[in-house]
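Numbering (numbering that gives the first Met the number 0), first residue to last: 0 to 338. Just so you know, even glycine gets a beta-carbon here, dropped at the ideal spot from N, CA and C. Notes follow the structure.
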Amino acid sequence: MWTEEKLNTLLTTPSNKLVADIAKIKGDIMVLGSGGKMGPTLCILAKNAIKQAGIDKKVIAVSRFSDQAALDLLHKHGIETISADLLNQDSLNALPEVENVIFMAGRKFGTDGGSEYLTWAMNSTLPAFVAYKFRKSNIVVFSSGNIYPLVPLACGGCTEDDKVAPNGEYPMSVLARERAFEYASKQYGTNVFIYRLNFAVDLRYGVLFDCAKKILDGEPISLSTPVFNFIWQGAANEIAIRGLLHATSPITIMNVTGPETVSIKKVSEKLGKYLNKEPIFEGKEGDTAYLNDASRAMEIFGYPDVCAETLIRWQAEYILDGGRTLNKPTHFEERKGNY
Numbered sequence: 000m001w002t003e004e005k006l007n008t009l010l011t012t013p014s015n016k017l018v019a020d021i022a023k024i025k026g027d028i029m030v031l032g033s034g035g036k037m038g039p040t041l042c043i044l045a046k047n048a049i050k051q052a053g054i055d056k057k058v059i060a061v062s063r064f065s066d067q068a069a070l071d072l073l074h075k076h077g078i079e080t081i082s083a084d085l086l087n088q089d090s091l092n093a094l095p096e097v098e099n100v101i102f103m104a105g106r107k108f109g110t111d112g113g114s115e116y117l118t119w120a121m122n123s124t125l126p127a128f129v130a131y132k133f134r135k136s137n138i139v140v141f142s143s144g145n146i147y148p149l150v151p152l153a154c155g156g157c158t159e160d161d162k163v164a165p166n167g168e169y170p171m172s173v174l175a176r177e178r179a180f181e182y183a184s185k186q187y188g189t190n191v192f193i194y195r196l197n198f199a200v201d202l203r204y205g206v207l208f209d210c211a212k213k214i215l216d217g218e219p220i221s222l223s224t225p226v227f228n229f230i231w232q233g234a235a236n237e238i239a240i241r242g243l244l245h246a247t248s249p250i251t252i253m254n255v256t257g258p259e260t261v262s263i264k265k266v267s268e269k270l271g272k273y274l275n276k277e278p279i280f281e282g283k284e285g286d287t288a289y290l291n292d293a294s295r296a297m298e299i300f301g302y303p304d305v306c307a308e309t310l311i312r313w314q315a316e317y318i319l320d321g322g323r324t325l326n327k328p329t330h331f332e333e334r335k336g337n338y
């Protein structure tokens, strides 16, 4: 029987590799924008790894905390929190200096519909301020794999050496975020690890959840983006924390996603069997997709501990057991960068 508590326990139980690496990280860890989809469990995961390593180190979660449930979860696990609007210069400058920063703040939804200015403020202006404020810190910067172009399905996905080609305001603003931190790395010698993520799965949200919900609601699933990559959020968060040891100047860039390239049609059909309901499809299967090759990350950090097949089954079970959801669709089928 799935419960949210069981899910959170799975997401926040550190691997031996994380415990070993967190003991090597010098100083406290501050997580900026920690109130979102990944932030709370990332903070708790880091805290649990610190406990298992038997060391003294603080994890400080910073966010506006518009989601009270996220704040309550952090407090339950003894995480120090600071409520702050990072776009407010006084609030940002009042934050304590720390040796390690994980930058998760950003805006995706609302890039199309009149609030584009806020997306650019969060994704490009704020990073410049943060990069200067924490120019002496090691910084892991959350980015996105959709700053790469759509690529042929047989190419194996974009590597870190491929040229970026953002299509749409959101991907453009994400690239601006990267460039702001790259400037700090060049100008001030700031150690930076750029973390280009393709679709974390948490069971409360994600591509698998989106597909399962459409199946249960009798809504058609678009085949326009026929394949995709995704990764268990627990593994994704581990890489983000361990990435602090790989922040360098000049910057290090790393693609983060799972090893499988999976078919949206086959995944939906498998979910349909678990849910006992046939999926409905619409449109033709496209011949390109946003795909990332995360071989470099897997060589350094190892393979995710939960595979795609297991996540598909877990997703169906979680929904059938009535698990809480976040109501935050991924819009995985979007191909023009407008969210």
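Identity of the residues DSSP links to I28 by a beta bridge: For the purposes of this step, residue 28 is taken as residue 29 along the sequence shown, with counting starting at 1. V58 and N99, per the DSSP bridge assignment.
The alpha helix (DSSP H) enclosing P39, as first and last residue numbers: One-based indexing of the sequence shown puts residue 39 at position 40. From DSSP, the alpha helix (DSSP H) with P39 extends over G38 to A52.
In chain order, each beta strand (DSSP E) run of at least 3 residues that lies wholly inside the region 139-206: 190-196
Residue environment, D320, which counts as buried when at least 16 other CB atoms sit within 10 Å: In the sequence shown, residue 320 corresponds to position 321, counting from 1. Its Cβ having fewer than 16 others within 10 Å, D320 is exposed.
Distance CB(A22)-CB(I54) smaller than 8 Å: Position 23 of the sequence shown, counted from the start, is the residue given in the question as residue 22. Position 55 of the sequence shown, counted from the start, is the residue given in the question as residue 54. Taking 8 Å as the Cβ cut-off, A22 and I54 qualify as a contacting pair.
Contacting residues, own chain, Cβ-Cβ under 7 Å from A179 (five flanking each side not counted): For the purposes of this step, residue 179 is taken as residue 180 along the sequence shown, with counting starting at 1. Same-chain partners within the cutoff: S123, P126, A127 and A130.
Local conformation of F208 per DSSP, three classes: Translated into the one-based positions of the sequence shown, residue 208 becomes position 209. Three-state DSSP puts F208 in a helix.
Local conformation of P219 per DSSP, three classes: As a first step, residue 219 is located in the sequence shown; it is residue number 220 there, counting from the start. Three-state result, P219: strand.
Cβ neighbour criterion (16 or more within 10 Å) applied to Q67: One-based indexing of the sequence shown puts residue 67 at position 68. Exposed, by the Cβ-count rule.
Selected residue, minimal CA-CA separation from P303, among Y289, Y273, G233 and E284: Counted from its first residue, the sequence shown places residue 303 at position 304. Per the Cα distances, G233.
8 Å Cβ cutoff met for V206 and L290: As a first step, residue 206 is located in the sequence shown; it is residue number 207 there, counting from the start. As a first step, residue 290 is located in the sequence shown; it is residue number 291 there, counting from the start. No, the Cβ-Cβ distance between V206 and L290 is not below 8 Å.
Separation of T287 from A235, as counted between CA atoms: Numbered from its first residue, the sequence shown carries residue 235 at position 236. Numbered from its first residue, the sequence shown carries residue 287 at position 288. Using only the alpha carbons, I get a separation of about 25 Å.
Spatial neighbours of K283 in its chain, beta-carbon cut-off 8 Å, leaving aside the 5 residues before and after: Position 284 of the sequence shown, counting from 1, holds the residue named residue 283. These residues qualify, in order along the chain: L222 and S223.
Nearest candidate by alpha-carbon position, reference E277, set E218, I146 and F229: One-based indexing of the sequence shown puts residue 277 at position 278. The candidate whose alpha carbon is nearest that of E277 is E218.
Length of the line joining the Cα atoms of D292 and S143: Locating residue 292 in the sequence shown gives position 293, where the first residue counts as 1. Locating residue 143 in the sequence shown gives position 144, where the first residue counts as 1. D292 and S143: Cα-Cα distance of roughly 13 Å.
CA nearest to the CA of I311, picked from S248, D201, R134 and N92: Numbered from 1 along the sequence shown, position 312 holds the residue referred to as residue 311. Residue D201 is the option with its Cα nearest to I311.
Ranges of the alpha helix (DSSP H) found wholly within the region 261-315, counting only runs of at least 4: 263-274 and 294-300
Cβ-Cβ separation, N166 to P151 (assumed contact under 8 Å), whole Å: Here residue 151 corresponds to residue number 152 of the sequence shown, with the count starting at 1. Here residue 166 corresponds to residue number 167 of the sequence shown, with the count starting at 1. P151 to N166, Cβ: 16 Å. No contact.
Simplified DSSP assignment, three categories, for S82: Numbered from its first residue, the sequence shown carries residue 82 at position 83. Reduced to three states, the DSSP call for S82 is strand.
Stretch pair the region 1-13 + the region 83-94: three plus CB contacts closer than 8 Å: no
Cβ-based neighbour list, T329, same chain, cut-off 6 Å, excluding 5 preceding and 5 following: Here the question's residue 329 lines up with position 330 in the sequence shown. Same-chain partners within the cutoff: V206 and D209.
Test item: CB-CB of S184 and S248 under 8 Å: Residue numbering aside, residue 184 sits at position 185 when the sequence shown is read from its first letter. Residue numbering aside, residue 248 sits at position 249 when the sequence shown is read from its first letter. For S184 and S248, yes; Cβs fall inside 8 Å.
DSSP state of N15 mapped onto helix, strand, coil: The residue given as residue 15 occupies position 16 in the sequence shown. N15: helix per DSSP, three-state reduction.
Exposure of T256, with buried meaning 16 or more beta-carbon neighbours within 10 Å: Here residue 256 is taken as the residue at index 257 of the sequence shown, counted from 1. The residue in question, T256, is buried, as its Cβ has 16 or more Cβ neighbours within 10 Å.
Reduced DSSP category for N92 - H, G, I as helix; E, B as strand; rest coil: As a working note, residue 92 is residue 93 in the sequence shown. Helix at N92.
Sub-8 Å separation of V139 and Y204 beta-carbons: Taking the sequence shown and counting its residues from 1, the one referred to as residue 139 is at position 140. Taking the sequence shown and counting its residues from 1, the one referred to as residue 204 is at position 205. The answer is no: Cβ separation not under 8 Å.
Rounded C-alpha distance that separates I240 from M37: As a working note, residue 240 is residue 241 in the sequence shown. As a working note, residue 37 is residue 38 in the sequence shown. Their backbone Cα atoms lie some 12 Å apart in a straight line.
Proximity below 8 Å, CB of L31 to CB of V97: Taking the sequence shown and counting its residues from 1, one reaches residue 31 at position 32. Taking the sequence shown and counting its residues from 1, one reaches residue 97 at position 98. Their beta carbons are not under 8 Å apart, which means L31 does not touch V97 by this criterion.
DSSP state of M253 mapped onto helix, strand, coil: Numbered from 1 along the sequence shown, position 254 holds the residue referred to as residue 253. Three-state DSSP puts M253 in a strand.
Strand pairing of W1, partner residues [DSSP]: As a first step, residue 1 must be located in the sequence shown, where it is residue number 2. Its beta-bridge partners do not exist; DSSP assigns none.
Given N190 as reference, the closest of I252, R295 and I214 once Cα atoms are compared: Working through the sequence shown from its first residue, we reach residue 190 at position 191. It is I252.
Opposing strand residues paired with V226 [DSSP bridges]: Working through the sequence shown from its first residue, we reach residue 226 at position 227. S262, per the DSSP bridge assignment.
Inter-residue Cα distance where the pair is E181 and S90: Residue mapping note: residue 181 aligns to position 182 of the sequence shown, counting from 1. Residue mapping note: residue 90 aligns to position 91 of the sequence shown, counting from 1. If you take the alpha carbons of E181 and S90, they lie about 23 Å apart.
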